[in-house]
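Asks:
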Amino acid sequence: MNRIDELFTRKQESVLSIYFTAGYPELNDTTHLISGLEKAGADLIEIGFPFSDPVADGPVIQASSHQALENGMNLDILFEQLLSIKATSSIPKIMMGYFNTVYQYGVDRFISKCATSGVDGVIIPDLPPEVYEKEYRQSFEAAGIHTIFLVAPQTTPERAEYLQALTKGFLYQLSMSGTTGNPVVGEAQMVVGEDPSVIPQTNGMPVMIGFGIHDHATFEMACRHANGAIIGTAFIRHLATLEEDGRQETRDIRQKTLDIRQETGDRGREIGEICKGFIDKIRG
Amino acid sequence: MSKSKYSPDSDGYYGEFGGAFIPEMLVPNITELRENYLKITESEEFIKEFHHLLRDYTGRPTPLYFAKRLSEKYQTNIHLKREDLNHTGAHKINNTIGQVLLAEKLGKKRIIAETGAGQHGVATATVCALKGLECVVYMGALDVERQAPNVTKMKMLGATVVPVESGNKTLKDATNEAMRDWINHPEDTYYIIGSVVGPHPYPDLVARMQSVISYEISLQLNTHIGRSFPDYVLACVGGGSNAAGGFYHFLENPAVKLIGAEAAGKGIETSETAATLALGKTGILHGSKSKLIQDSYGQVIEPYSISAGLDYPGVGPLHSYLQATGRCTYIPVTDQEALDAAMELTQLEGIIPALESAHALALLSKQTWNRSHHMVIILSGRGDKDMDTYSKYFSHESH
């Protein structure tokens, strides 16, 4: 059984998925982030593979993608990192990125690398479902790799039904139409909060809400309408701004991670502390 | 024009190129456009208003000028299609007039656009002023600096110019930002793309709006030389909109040879180039599958050209298809060759061309031509915006 399905069989509420950009802040943080998030209590991890032109992303994920590429991240390095943690990490993992990088890598090669590196699913926001169905669905399904599709607030019911028929694992419901990182500040702003009927009737297919979920309150809000939520930008921001956002809790985590760095030089422990600080804050 | 083998299929593909590789958030916008663009642009009301504005506002038809001294030099018959004489100084306004009418019919109140050299930005700001619509133009921060007069024009026309600081701060990055704006404003905003790029139906829509160029050439040649088609059409290709418009009505006539000039920058053997069709591999950028300059991992490589309007790592899917099928030939032209050609036209004919158009003129010296043949070169824009570059070049030359 695919580990994403296992997860939703086991747990139907308050499922927390965390996105990070592979290669950020440092090239070799991938394994530390995965084990850090896993230990801290994330249920699902989305590993973003960076692209030079991420049009669906806001400034925070853009900047992390840019930095990751500067650090030298590419799909070969990422698959090696994932392979190295495969034996010790059991959390379900989803690869997320833009289609051109997959296309150049070779879709079949990408799928087989996913399968051998312990990847359970993929999200490719600019791969049209029609193209997926015609050209790639069979290969993904044969390899047991789940493909998850996005559903936007403006998606028509007919199209949502079509997307649901193609998607495996869960449906990715956008809280609002926009690029990543526009914060949801109140339930009324979250389109799914205003009008729960826009969540497609999923016949048992789990639904995760993403985009704009950034703190305990918005996570709880999303969990009232779906099986759980996906957090990306807020986590990247947490990784990026530990030094400068000025809040006491951030300063505390910062101090702790600095101590770890100075005393042990252990990047894994340092990242672990950062992940724990974030997830504790979200879970509340 | 009726459905030809050079029109896209119902999913927007020219052979293997094209399509609509867009995130789900853009599907409603693109679906609305796809379902309406032909219905609206082929309606009598639209055609009437479009042609009225092209004639009385833009100044069409633009002349087809027989360049006598240039023809003597190259021992052939050269006709210049004077798109540089359009209002705002380039062919770009043909497309923005068409699309702003379409946006109006779709009930949109806010217009966004990307721009490189600023020509498309100015053409968009112009039609928005004409129609009283809000206008936001995304422009790479580097281009904002090097094309200052066009920035002033856009502001004067009431547009908001947003300098884009991401990436190389040029056209590609401006396009990314315009697409993000569109994703963030799904209801009220219409995106006027400036070239035959982007997701279906944009490549087809823009080619149709620009096809007036080859339509007029056909009529004008008939008057001038007694037949309605030339032996050659030459045009520069960045995204490829003036070339698409200049080739359009001749695509199905095998007697007409079509040649596109790409920006080679400092040479296709260097890393500073924008010659997509010479160097690119098939990939996906800005919503369509086409040739793309990229590394082996699919990261887009920042292009380079002296001409901001050709400084783009992709190309319209139609051109990738015309190249793949052998219908059209694309030749790289360096910065230096373009500058020399600009000087030559200026001194032989008294016409200062845009740097983009100078790439097409540079094709003249790349082969020998038949004395009895007739060729049309699309002079896509005028050189006013490039005076800084020209003056740097000539002060350098005189030392």
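Here the protein sequences line up with chains A and B, keeping their order. Our numbering puts the first sequence at residues 1 to 284. Our numbering puts the second sequence at residues 1001 to 1399. Ideal Cβ positions, reconstructed from N, Cα and C, are used throughout, including at glycine.
(1) Whole angstroms is fine: what's the gap from residue 1262 of chain B's alpha carbon to residue 1389 of chain B's?
(2) Report the three-state DSSP secondary structure of residue 193 of chain A (helix, strand or coil).
(3) Chain A partners of residue 1022 of chain B, CB-CB under 8 Å?
(4) So, for residue 1049 of chain B: in the same chain, excluding its five sequence neighbours on each side, which residues have a beta-carbon less than 8 Å away from its beta-carbon?
(5) Using three-state DSSP, classify residue 81 of chain A as helix, strand or coil.
(6) Measuring CB atoms only, is the stretch 208–217 of chain A touching the stretch 84–96 of chain A, in the sense that at least three cross pairs come out at less than 8 Å?
(7) Three or more C-beta pairs closer than 8 Å, one from the stretch 16–35 of chain A and one from the stretch 255–262 of chain A: is that the case here?
(8) Compare the C-beta of residue 1179 of chain B with all C-beta atoms of chain A and state if any pair is closer than 9 Å.
(9) Run through the DSSP bridge pairs and tell me what residue 1259 of chain B is partnered with.
(10) Could you check what DSSP says for residue 1163 of chain B in three-state terms: helix, strand or coil?
(11) Short of 6 Å in beta carbon distance, which residues of its chain neighbour residue 1006 of chain B, apart from the five on each side in sequence? Order them along the chain.
(12) Give a yes or no on whether the minimum CB-CB distance between residue 151 of chain A and chain B is below 9 Å.
(13) How big is the Cα-Cα spacing for residue 97 of chain A and residue 1287 of chain B?
(14) Under 8 Å Cβ-Cβ, which residues of chain A neighbour residue 1283 of chain B?
(15) If I measure Cβ to Cβ from residue 126 of chain A and keep anything under 6 Å in the same chain, skipping five residues before and after, which residues do I get?
(16) Shorter than 9 Å from the beta carbon of residue 1156 of chain B to some beta carbon of chain A?
(17) Answer yes or no: does any C-beta atom of chain A fall closer than 9 Å to that of residue 1027 of chain B?
(18) Among the residues of its own chain, which have a CB less than 8 Å from the CB of residue 1164 of chain B, if the five just before and after it don't count?
(19) Grouping DSSP H, G and I as helix and E and B as strand, with all else coil, what is residue 1134 of chain B?
(20) Please go through the same chain and pick out, in chain order, the residues whose beta-carbon is closer than 6 Å to the beta-carbon of residue 71 of chain A, but skip the five residues on each side of it.
(21) Measure the alpha-carbon distance for residue 193 of chain A versus residue 252 of chain A and round it to whole angstroms.
(22) Taking DSSP as the reference, what is the three-state secondary structure of residue 1093 of chain B?
(23) Would you give the residue range spanned by the alpha helix (DSSP H) that residue 1156 of chain B belongs to?
(24) In this structure, how does DSSP classify residue 205 of chain A when only helix, strand and coil are distinguished?
(25) Taking Cβ positions only, does residue 1005 of chain B come closer than 9 Å to chain A?
(26) Under 9 Å, Cβ to Cβ, is there at least one residue of chain A near residue 1183 of chain B?
(27) Please list, in chain order, the residues of the stretch 1185–1219 of chain B that have any C-beta partner in chain C closer than 7 Å.
(28) Have a look at B/1091, B/1094, B/1144, B/1131 and flag the residue whose alpha-carbon is nearest the alpha-carbon of residue 1116 of chain B.
(29) When you compare each of B/1106, B/1377, B/1023 to residue 1039 of chain B by their alpha carbons, which one comes out closest?
(30) Does residue 1036 of chain B come within less than 9 Å of chain A when only Cβ atoms are used?
(31) Does DSSP classify residue 40 of chain A as helix, strand or coil?
(32) What are the partner residues of residue 1077 of chain B, as DSSP defines its beta bridges?
(33) What residues in the stretch 31–60 of chain A have a beta carbon less than 9 Å from any beta carbon of chain B?
(34) According to DSSP, what are the bridge partners of residue 214 of chain A?
(35) Check whether the Cβ atoms of residue 1244 of chain B and residue 1206 of chain B lie closer than 9 Å to each other.
(36) Residue 115 of chain A by DSSP, collapsed to three states: which one?
Replies: From the atom records:
(1) Against the second sequence, residue 1262 of chain B aligns to sequence position 262. Against the second sequence, residue 1389 of chain B aligns to sequence position 389. So the alpha carbons of these two residues sit roughly 19 Å apart.
(2) Walking along the first sequence from the start, residue 193 of chain A turns up at place 193. Unreliable positioning characterises residue 193 of chain A in this predicted model, as indicated by a pLDDT of 46, which lies under 50. A coordinate reading is not provided.
(3) Looking up residue 1022 of chain B in the second sequence gives position 22. Correct list: 126, 128.
(4) For this step, residue 1049 of chain B is matched to residue 49 along the second sequence. Here the set comprises 1101.
(5) As a first step, residue 81 of chain A must be located in the first sequence, where it is residue number 81. Residue 81 of chain A falls in the helix class under three-state DSSP.
(6) no
(7) no
(8) As a position in the second sequence, residue 1179 of chain B is number 179, starting the count at 1. It does: the Cβ of residue 1179 of chain B has a partner Cβ on chain A nearer than 9 Å.
(9) Numbered from its first residue, the second sequence carries residue 1259 of chain B at position 259. Residue 1259 of chain B is bridged to B/1234, B/1329.
(10) In the second sequence, residue 1163 of chain B corresponds to position 163, counting from 1. Correct three-state label for residue 1163 of chain B: strand.
(11) Reading the second sequence from its first residue, position 6 is the one you call residue 1006 of chain B. If we look at residue 1006 of chain B and ignore the five residues flanking it on each side, its Cβ neighbours are 1251.
(12) By 1-based counting over the first sequence, the position of residue 151 of chain A is 151. Closer than 9 Å to some Cβ of chain B, the Cβ of residue 151 of chain A qualifies, so yes.
(13) The residue labelled residue 97 of chain A in the question sits at position 97 within the first sequence. The residue labelled residue 1287 of chain B in the question sits at position 287 within the second sequence. The alpha-carbon atoms of residue 97 of chain A and residue 1287 of chain B are separated by roughly 15 Å.
(14) As a working note, residue 1283 of chain B is residue 283 in the second sequence. Those within 8 Å of residue 1283 of chain B in chain A are 100, 103, 104.
(15) Mapped onto the first sequence, residue 126 of chain A falls at position 126. Same-chain partners within the cutoff: 98, 99.
(16) Taking the second sequence and counting its residues from 1, one reaches residue 1156 of chain B at position 156. False, the Cβ-Cβ gap to chain A never drops below 9 Å.
(17) Taking the second sequence and counting its residues from 1, the one referred to as residue 1027 of chain B is at position 27. Taking Cβ atoms only, chain A reaches closer than 9 Å to residue 1027 of chain B, which makes this a yes.
(18) On the second sequence, residue 1164 of chain B is found 164 positions in, with the first residue counted as 1. Answer for residue 1164 of chain B: 1138, 1139, 1140, 1141, 1173, 1174, 1176, 1177, listed in chain order.
(19) The sequence position of residue 1134 of chain B within the second sequence is 134, counting from 1. Of the three classes helix, strand and coil, the one that applies to residue 1134 of chain B here is strand, per DSSP.
(20) As a working note, residue 71 of chain A is residue 71 in the first sequence. Excluding residues within five positions, the ones whose Cβ falls inside 6 Å are 23, 27.
(21) On the first sequence, position 193 is the one that residue 193 of chain A refers to. On the first sequence, position 252 is the one that residue 252 of chain A refers to. The pLDDT assigned to residue 193 of chain A is 46, lower than 50, so where the model puts this residue is not dependable, and the model offers no usable value.
(22) Counted from its first residue, the second sequence places residue 1093 of chain B at position 93. Looking at residue 1093 of chain B - three-state DSSP - the assignment turns out to be helix.
(23) Position 156 of the second sequence holds residue 1156 of chain B. 1148–1156 is the span of the alpha helix (DSSP H), which, as asked, contains residue 1156 of chain B.
(24) Against the first sequence, residue 205 of chain A aligns to sequence position 205. Residue 205 of chain A: coil per DSSP, three-state reduction.
(25) On the second sequence, residue 1005 of chain B is found 5 positions in, with the first residue counted as 1. Not closer than 9 Å to any Cβ of chain A, the Cβ of residue 1005 of chain B fails to qualify, so no.
(26) Here residue 1183 of chain B is taken as the residue at index 183 of the second sequence, counted from 1. At least one chain A Cβ lies under 9 Å of residue 1183 of chain B.
(27) Of the protein chains in the structure, A and B, none is chain C.
(28) On the second sequence, residue 1116 of chain B is found 116 positions in, with the first residue counted as 1. The option with the nearest alpha carbon to residue 1116 of chain B is B/1144.
(29) The residue labelled residue 1039 of chain B in the question sits at position 39 within the second sequence. If we check each option's Cα against that of residue 1039 of chain B, B/1106 comes out closest.
(30) To locate residue 1036 of chain B, count along the second sequence from 1; it is residue 36. No, its Cβ sits nowhere closer than 9 Å to a Cβ of chain A.
(31) Within the first sequence, residue 40 of chain A is the residue found at index 40, counting from 1. If DSSP states are grouped into helix, strand and coil, residue 40 of chain A belongs with the helices.
(32) Numbered from its first residue, the second sequence carries residue 1077 of chain B at position 77. DSSP lists B/1374 as partners of residue 1077 of chain B.
(33) 50, 51, 52, 53, 54, 55, 56, 57, 58, 59
(34) Counted from its first residue, the first sequence places residue 214 of chain A at position 214. None, per the DSSP bridge assignment.
(35) Sequence index remark: in the second sequence, residue 1244 of chain B carries index 244 (1-based). Sequence index remark: in the second sequence, residue 1206 of chain B carries index 206 (1-based). Yes, Cβ-Cβ distance for residue 1244 of chain B and residue 1206 of chain B is below 9 Å.
(36) The sequence position of residue 115 of chain A within the first sequence is 115, counting from 1. Residue 115 of chain A: helix per DSSP, three-state reduction.
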